[in-house]
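Chemist: Residue numbers (the working numbering): 886 to 998.
By construction, the Cβ of each residue, glycine as well, lies at the ideal position given by its N, Cα and C atoms.
The structure presented is a predicted model; accordingly, all values stated were derived computationally and were not measured.
1) Measure from the alpha carbon of residue 912 to the alpha carbon of each residue in 981, 975 and 963, then state which is nearest.
2) Run the CB neighbour count on residue 960, radius 10 Å, all protein chains shown included, and call it buried at 16 or more, exposed below.
3) According to DSSP, is residue 938 part of a helix, a strand, or is it coil?
4) Assuming residue 946 and residue 989 are in contact, meaning their beta carbons sit under 8 Å apart, how far apart are those beta carbons, in whole angstroms?
5) Take residue 955 and list the residues in its own chain whose beta-carbon comes closer than 8 Å to its own, dropping the five residues that flank it on each side.
6) What are the residues that DSSP puts in a beta bridge with residue 959?
7) Starting from residue 965, trace the beta strand (DSSP E) in both directions and tell me its first and last residue.
8) Rounded to whole angstroms, how far is the Cβ of residue 936 from the Cβ of residue 964, which I believe are closer than 8 Å?
9) Three-state secondary structure (DSSP) at residue 989?
10) Have a look at the DSSP bridge pairing and note the partners of residue 970.
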């Protein structure tokens, strides 16, 4: 089973790899129990997520079907439930330490290459 990897370029110019979680199993396990890395994860068909069994805080970017930012949430600590966002189609999650969301705001369009 191969893992699709995208490249996210943050508004401040950082290039961050993003792993696609496009199946139930990949979304279910996501970043749970994993050590903090220098990559993000794209949770497809997702409107809410939790940080149960996470080892580090996350920054979340809720995206609509056109990859426009609907909502951003910074520093979601482990063992928390993030908000449910009705008009989100996917969630882009990064370890907070990457500061991948710097200068990102609602309405911005995200490009994943």
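Modeler: On the basis of the coordinates in this document:
1) Here residue 912 corresponds to residue number 27 of the chain shown, with the count starting at 1. The candidate whose alpha carbon is nearest that of residue 912 is 975.
2) Along the chain shown, one-based indexing puts residue 960 at 75. Residue 960 is exposed by the Cβ-count criterion.
3) Along the chain shown, one-based indexing puts residue 938 at 53. DSSP, read as helix, strand or coil, puts residue 938 in coil.
4) As a working mapping, residue 946 is identified with position 61 in the chain shown. As a working mapping, residue 989 is identified with position 104 in the chain shown. Contact between residue 946 and residue 989 holds: CB atoms are separated by about 7 Å, below the 8 Å threshold.
5) In the chain shown, the residue the question calls residue 955 occupies position 70. Annotation for residue 955: 947, 948, 949, 970, 972, 973 and 991 place their beta carbon closer than 8 Å to its own, counting only its chain and skipping 5 residues before and after.
6) Taking the chain shown and counting its residues from 1, one reaches residue 959 at position 74. In the DSSP output, where bridge partners are listed per residue, residue 959 has none listed.
7) Position 80 of the chain shown, counted from the first residue, corresponds to residue 965. For residue 965, no beta strand (DSSP E) encloses it, and the DSSP letter there is neither H nor E.
8) For this step, residue 936 is matched to residue 51 along the chain shown. For this step, residue 964 is matched to residue 79 along the chain shown. 6 Å between Cβ atoms; contact.
9) For this step, residue 989 is matched to residue 104 along the chain shown. The answer is coil: DSSP assigns residue 989 none of H, G, I, E or B.
10) Residue mapping note: residue 970 aligns to position 85 of the chain shown, counting from 1. For residue 970, DSSP assigns no beta-bridge partner whatsoever.
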